[in-house]
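A short write-up of the structure that comes next.
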Amino acid sequence: MDKTGGAPMTTSGEAIRHLWTHKTQDHPWLPDEELVIERAEGVWVWTERGKKLLDGFAGLAVVNAGHGRREIAEAIAEQTVRLAYYPTTRQFSNRPAAELAAKLATLAPGDLDYSMFAVSGAEANERAMQIARHYWLASGKPGKHKVLSLQGGYHGGTTGTFAVCGLPHMVEPYAALHVPGFTKITPPYPYRDRGTGTDEQLVQRRAGELRAAILKEGPDTVSAVIMEPVISSGGFIMPPIGWLRAVRAICDELDVLMIADEVITGFGRTGRWFACEHDGVVPDLMTVAKGITSGYVPLSAAIARRRLADAFADDAKQENVHPGTYAAHPVACAAALANIKIFEQDNLVANAAAMGARLLDGLQQAVGKKRIVGEVRGRGLMVCVELVEPDGSGRPLDKERVASLDRKAWDRGAIVYARGQVVRLAPPLCINRQEIDQLVDVVTASIDELDAELN
Numbered sequence: 499m500d501k502t503g504g505a506p507m508t509t510s511g512e513a514i515r516h517l518w519t520h521k522t523q524d525h526p527w528l529p530d531e532e533l534v535i536e537r538a539e540g541v542w543v544w545t546e547r548g549k550k551l552l553d554g555f556a557g558l559a560v561v562n563a564g565h566g567r568r569e570i571a572e573a574i575a576e577q578t579v580r581l582a583y584y585p586t587t588r589q590f591s592n593r594p595a596a597e598l599a600a601k602l603a604t605l606a607p608g609d610l611d612y613s614m615f616a617v618s619g620a621e622a623n624e625r626a627m628q629i630a631r632h633y634w635l636a637s638g639k640p641g642k643h644k645v646l647s648l649q650g651g652y653h654g655g656t657t658g659t660f661a662v663c664g665l666p667h668m669v670e671p672y673a674a675l676h677v678p679g680f681t682k683i684t685p686p687y688p689y690r691d692r693g694t695g696t697d698e699q700l701v702q703r704r705a706g707e708l709r710a711a712i713l714k715e716g717p718d719t720v721s722a723v724i725m726e727p728v729i730s731s732g733g734f735i736m737p738p739i740g741w742l743r744a745v746r747a748i749c750d751e752l753d754v755l756m757i758a759d760e761v762i763t764g765f766g767r768t769g770r771w772f773a774c775e776h777d778g779v780v781p782d783l784m785t786v787a788k789g790i791t792s793g794y795v796p797l798s799a800a801i802a803r804r805r806l807a808d809a810f811a812d813d814a815k816q817e818n819v820h821p822g823t824y825a826a827h828p829v830a831c832a833a834a835l836a837n838i839k840i841f842e843q844d845n846l847v848a849n850a851a852a853m854g855a856r857l858l859d860g861l862q863q864a865v866g867k868k869r870i871v872g873e874v875r876g877r878g879l880m881v882c883v884e885l886v887e888p889d890g891s892g893r894p895l896d897k898e899r900v901a902s903l904d905r906k907a908w909d910r911g912a913i914v915y916a917r918g919q920v921v922r923l924a925p926p927l928c929i930n931r932q933e934i935d936q937l938v939d940v941v942t943a944s945i946d947e948l949d950a951e952l953n
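Our numbering puts the first residue of the sequence shown at 499, with every later residue one more than the last.
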């Protein structure tokens, strides 16, 4: 029964009361009606009320190819008419899924050749942990089931991925649902942890702690280590180059699988196709989402090395990793293929490296020496400003003060993501020099305003 009596809702304000959004406390400074995004093009979005904003966070570091790409829309429409859906269970498949899997095999590092598709980044990470578990069962090592992860890391909002989440405030309500075996270790955080030492010494120290944690758990019980090459939700923490190589060496030594969560960092975000390429590392499993379609249609994948796939018998009588209804969705895979074609034609990965360097340098010059700025850091178009108290103590700035930068930037015509102790920037990879400079100007003016308020 239609509870409205059939009368249409005349405004988004009336309709939005029925939409259960995530983190509704994020924007207490504006009514919901002000935050309805109506349209977008390139790096720009417009609200329903006509406000134009530079999208400094690409939605949620998702829209890598940029908004409003007709090539992707046309690929979606064409595939929808040709074949909108058919499952990839019972050995069925579809051409876009097969072509995308083959394309990913050419793009992914090393022998990461086999893709299992899913819908979200969280689901891809669950698939990776499931593949790891079944790999050890097939290898005659059934005791290997534990998964180690990093403090500050985030791998999705499902019960399974919350078990490896390193953000205590987020997972505490679900702690009773988790089984033992999900130890967290501290990642190398150069700004906070380097001290008077070097990055190399910091990597060695944290790698030693990882090795000790695996030995304490018992290598014969540890299935995998999962980590983001750049720890996003934890504050855009960027471990030094060499960290992933150290993790790879420890995993090889102790017979543990390495899972790289590239849900955010994948598809050009850090100036390489995949962030693990900065270290020259090939993980055993790599998960991707977000940038694989630039958010035009939800899609994700767990990409496995050849030896893992080879452990699964072709004539298995039971499903090893349970399928999903929408896995390898033909429309989503068609969108991904069109998206990747744009990346290649427009040289978006190289542009991310160049524009990321310009953004990083611009912010370092503009705000790097301000009293409330502890550090400006970045890798490709994944850049942040870490904020500190103005008393010289180096203590993180009050998180409410940091969050106020969202509104300050909004008022100046840009969307940023200010949470915890950092302002995060991750604009679409198609951004140009002029737009980078506009973003630098907005962030600089916003930080100047906050600094003045703290006098």
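No residue lacks a Cβ here, since even glycine has one placed at the ideal position from N, Cα and C. The structure displayed is predicted, hence computed values, not measured ones.
Excluding the 5 residues preceding and the 5 following residue i in the sequence, name in chain order all residues of the same chain whose CB lies nearer than 7 Å to its CB.
i, result
"Ala912", "Leu551, Leu552, Gly554, Leu937 and Val940"
"Glu775", "Pro607"
"Gly641", "Asp718 and Thr719"
"Thr659", "Ala620, Asn623, Glu624 and His653"
"Lys868", "Ile945 and Asp949"
"Arg746", "Met756 and Val779"
"Lys601", "Leu835 and Ile838"
"Gly557", "Gly793"
"Gln577", "Pro594, Pro828, Val829 and Ala832"
In the structure shown, what three-state DSSP assignment does residue i receive?
i, result
"Trp741", "helix"
"Lys639", "coil"
"Arg803", "strand"
"Phe615", "strand"
"Pro894", "strand"
"Arg910", "coil"
"Met880", "coil"
"Val645", "strand"
"Ala538", "strand"
"Gly793", "coil"
"Thr942", "helix"
"Thr785", "strand"
"Ile621", "Note that residue 621 is Glu in the sequence shown here, rather than Ile. Here Glu621 sits in helix by DSSP."
Of the residues the options, which one's Cα is nearest the Cα of residue i?
i, options, result
"Leu742", "Gly769, Arg704, Gly766 and Gly716", "Arg704"
"Val645", "Tyr672, Met668, His676 and Ala616", "His676"
"Val900", "Pro925, Glu947 and Thr763", "Glu947"
"Ala943", "Ala800, Val914, Ala616 and Thr657", "Val914"
"Val920", "Gly789, Glu576, Gln589 and Ile729", "Ile729"
"Ala826", "Pro585, Trp542, Arg547 and Leu885", "Pro585"
"Thr657", "Thr604, Ser647, Gly651 and Pro671", "Pro671"
"Ala636", "Ile870, Phe810 and Ser891", "Phe810"
"Phe765", "Tyr583, Gly716, Ile790 and Ala582", "Ile790"
Give the C-beta separation of residue i and residue j to the nearest angstrom, bearing in mind that I take them to be a contact with Cβ-Cβ under 8 Å.
i, j, result
"Gly876", "Leu857", "7 Å"
"Asn592", "Pro796", "At roughly 17 Å, the Cβ-Cβ gap does not stay under 8 Å, so Asn592 and Pro796 are not in contact."
"Tyr612", "Ala807", "4 Å"
"Cys882", "Arg922", "5 Å"
"Ala616", "Ser798", "5 Å"
"Gly769", "Val847", "7 Å"
"Leu895", "Leu885", "4 Å"
Please go through the same chain and pick out, in chain order, the residues whose beta-carbon is closer than 8 Å to the beta-carbon of residue i, but skip the five residues on each side of it.
i, result
"Gly566", "Arg537, Ala538, Glu539 and Gly540"
"Lys897", "Arg917, Gly918 and Gln919"
"Thr545", "Glu532, Leu533, Val534, Ile535, Glu536 and Leu551"
"Phe680", "Lys644, Val645, Leu646, Ser647, Ala661 and Val662"
"Trp542", "Lys550, Leu551, Leu552, Asp553 and His565"
Excluding sequence positions up to five away, which residues of its chain have a Cβ less than 6 Å from the Cβ of residue i?
i, result
"Gly740", "Val701"
- Are three or more beta carbon pairs between the segment 614-632 and the segment 714-723 nearer than 8 Å? yes
- Message: Would the segment 923-933 count as touching the segment 570-588 if we require 3 or more Cβ pairs under 8 Å?
- Response: no
- Message: Measuring CB atoms only, is the segment 660-674 touching the segment 695-704, in the sense that at least three cross pairs come out at less than 8 Å?
- Response: The segment 660-674 is not in contact with the segment 695-704.
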